[in-house]
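Participant: Sequence order for the protein chains is A and B.
Each residue of the first sequence is one higher than the one before, starting from 0 at the first, in numbering that gives the first Met the number 0.
Each residue of the second sequence is one higher than the one before, starting from 0 at the first, in numbering that gives the first Met the number 0.
Each residue gets a CB set at the ideal place from its N, CA and C atoms; glycine is no exception.
Quick caveat: nothing in here was measured; it's all calculated off a predicted structure.
My structure is below; once you've seen it, I'll send some questions.
Protein chains: 2
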Amino acid sequence: MEQKDSKFCNCLYYSANALSRIMTKISDDAFASIGLSSSYAFLLMIVNDHPGVQPTEISQQMQLTPSTVTRLIEKMEHRKYLERKTNGRTTEVYPTVDGEKLQPKIKKAWANLYHSYSTVLGKDFSKRLTEDINLATQKL
Amino acid sequence: MEQKDSKFCNCLYYSANALSRIMTKISDDAFASIGLSSSYAFLLMIVNDHPGVQPTEISQQMQLTPSTVTRLIEKMEHRKYLERKTNGRTTEVYPTVDGEKLQPKIKKAWANLYHSYSTVLGKDFSKRLTEDINLATQKL
DNA sequence: TGCATTTATTTGTATGTACAAACAATTTTA
DNA sequence: TAAAATTGTTTGTACATACAAATAAATGCA
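Set out below in structure tokens:
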């Protein structure tokens with residue numbers, strides 16, 4: 000992945016996006032065996048850990064807009080991994096039995112994901128980079 | 000932007016994507032006055048700096064796939080900021096007069112973009128973060 | 001010289017995400 | 001307590017990007 004020579008390399012917008020695209024590819028690969036792409040896997044993990052969680056809470060956890068979360072949930076409902084129970088203006092999201100069954104595999108794939116990038120980057124560097132990125136996100 | 004409490008915060012995929020979304024928003028804001036979103040502005044900068052540049056070269060500079068670059072060029076052609084001259088299997092991309100005229104504004108907006116995030120994050124931290132992100136991208 | 005391979009670009013199609021508006025339910029307030 | 005404001009969710013629509021396949025041109029090889 001050589002990009003050293005791009006004139007945009009000192010632009011955080013550009014660099015952040017490039018990293019994001021690569022990481023998404025790596026992450027999607029990690030979850031591919033389960034048949035989910037990253038966001039769906041993350042969604043399912045959240046719901047499995049907090050059955051009945053509401054879309055708003057999910058959107059905060061995932062740092063995605065509520066409309067995006069609705070779309071993710073819809074697809075997972077269609078695939079029979081999640082169910083919605085609407086009550087008044089709120090909605091509660093639950094895993095199905097099939098959704099629950101996937102949890103161990105997802106956790107394993109997630110661990111692999113961490114392992115795969117942190118061996119390439121080095122554990123310390125990955126950790127520091129992730130923290131720095133979080134710090135930036137938080138400040139911006 | 001509080002996200003501290005997300006269980007995914009120590010996941011580089013997640014963090015990288017969150018940063019990317021925020022930076023894209025900031026960057027699009029910076030270029031909004033020109034009526035371009037970030038990628039189009041970057042594309043136009045490249046073409047203005049290298050009239051006749053080919054899509055493959057652009058895709059390397061921008062770290063986007065060739066098909067994405069084709070799509071970007073198409074839209075900029077439609078908006079009369081760029082022109083393609085096809086010659087055999089290669090294509091050369093040129094700015095139109097209107098496209099050239101935009102260059103100073105784009106450069107200014109780009110400078111503002113840099114200024115706006117680096118004042119929030121601190122110059123040194125922005126610089127280091129960008130470099131670290133580039134390093135990661137390069138290694139992955 | 002003609003066929004096979006590689007290279008550059010485009011096209012068809014799909015995905016992830018967002019914004020703005022719509023809706024529906026709840027809470028506040030006057 | 002009725003109207004107004006707020007909150008949670010969904011819908012319509014649009015955009016950036018990618019992958020795989022198609023095309024078309026150039027190159028290498030036999």
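#1: Report yes or no: do the segment 32-44 of chain A and the segment 70-89 of chain A share at least 3 C-beta pairs separated by less than 8 Å?
#2: Where Ala17(A) and Thr89(A) are concerned, what is the direct C-alpha to C-alpha distance, given to the nearest angstrom?
#3: Measuring only between beta-carbons, confirm whether Asp131(A) sits less than 8 Å from chain B.
#4: Answer with yes or no whether the minimum CB distance from Ala17(B) to chain A is below 8 Å.
#5: Under three-state DSSP, which class holds Pro74(B)?
#6: Which whole-angstrom value is the C-beta distance of Ile33(A) and Ala110(A), which I expect to be below 8 Å?
#7: Excluding the five sequence neighbours on either side, which residues of its own chain have a C-beta within less than 7 Å of the C-beta of Met75(B), listed in chain order?
#8: Determine, using beta carbons only, whether Lys138(B) comes closer than 8 Å to chain A.
#9: Listing by chain order, which chain B residues have their CB less than 7 Å from the CB of Ala135(A)?
#10: Please decide whether Thr23(A) counts as near chain B, where near means a Cβ-Cβ distance under 8 Å.
#11: When you compare only the Cα positions, how much space is there between Lys122(B) and Leu139(A)?
#12: Given Thr64(B), which residues of its chain have a CB within under 8 Å of its CB, disregarding the five upstream and five downstream residues?
#13: State buried or exposed for Gly98(A), treating a residue as buried only when at least 16 other CB atoms are found within 10 Å of its CB.
#14: Would a check of beta-carbon distances place Tyr12(A) closer than 8 Å to chain B?
#15: Are the C-beta atoms of Leu112(B) and some chain A residue less than 8 Å apart?
#16: Rounded to a whole number of angstroms, what is the C-alpha to C-alpha distance between Thr23(A) and Leu134(A)?
#17: Could one say the Cβ of Asn47(A) lies closer than 8 Å to chain B's Cβ atoms, at least one of them?
#18: For Val68(B), which residues of its own chain have a beta-carbon under 6 Å away from its beta-carbon, when the five flanking residues on both sides are left out?
#19: Tell me whether Tyr39(B) sits in a helix, a strand or coil according to DSSP, three-state version.
#20: Under 8 Å between C-beta atoms, does Gln102(A) make it to chain B?
#21: So with Cβ pairs under 8 Å, would you call Tyr116(B) a contact of chain A?
#22: Please state whether DSSP places Asn16(B) in a helix, a strand or coil.
#23: Mind checking Ser14(B): buried by the 16 CB within 10 Å criterion, or exposed?
#24: For Leu84(A) versus Glu91(A), is the C-beta distance shorter than 8 Å?
#25: State the start and end residues of the unbroken beta strand (DSSP E) segment that holds Val52(A).
#26: Taking only the alpha-carbon atoms, compute the straight-line gap between Glu130(A) and Lys6(B) and give it to the nearest angstrom.
#27: Does the distance between the C-beta of Ser58(A) and the nearest non-hydrogen atom of the ligand PLP fall short of 7 Å?
#28: Between Ile21(A) and Thr136(B), what straight-line distance do the alpha-carbon atoms span, to the nearest angstrom?
#29: At the level of alpha carbons, what is the spacing between Ser19(A) and Lys106(A)?
Facilitator: The structure says:
#1: yes
#2: 37 Å
#3: yes
#4: yes
#5: Per the sequence shown, the amino acid found at residue 74(B) is Lys instead of Pro. Three-state result, Lys74(B): helix.
#6: Wrong, their Cβ atoms sit about 13 Å apart, outside the cutoff.
#7: Tyr39, Leu42, Leu43 and Leu81
#8: yes
#9: Leu18, Leu120 and Leu128
#10: yes
#11: 14 Å
#12: Ser58
#13: buried
#14: yes
#15: yes
#16: 20 Å
#17: no
#18: Pro54, Ile57 and Ser58
#19: helix
#20: no
#21: yes
#22: helix
#23: buried
#24: Sequence inspection shows Lys at residue 84(A); the Leu mentioned does not correspond to that position. Yes, the Cβ-Cβ distance between Lys84(A) and Glu91(A) is below 8 Å.
#25: Careful: Val52(A) lies outside any beta strand (DSSP E) and carries neither H nor E.
#26: 13 Å
#27: With respect to small molecules bound, the structure shown includes none, and the ligand PLP cannot be examined in it.
#28: 7 Å
#29: 21 Å
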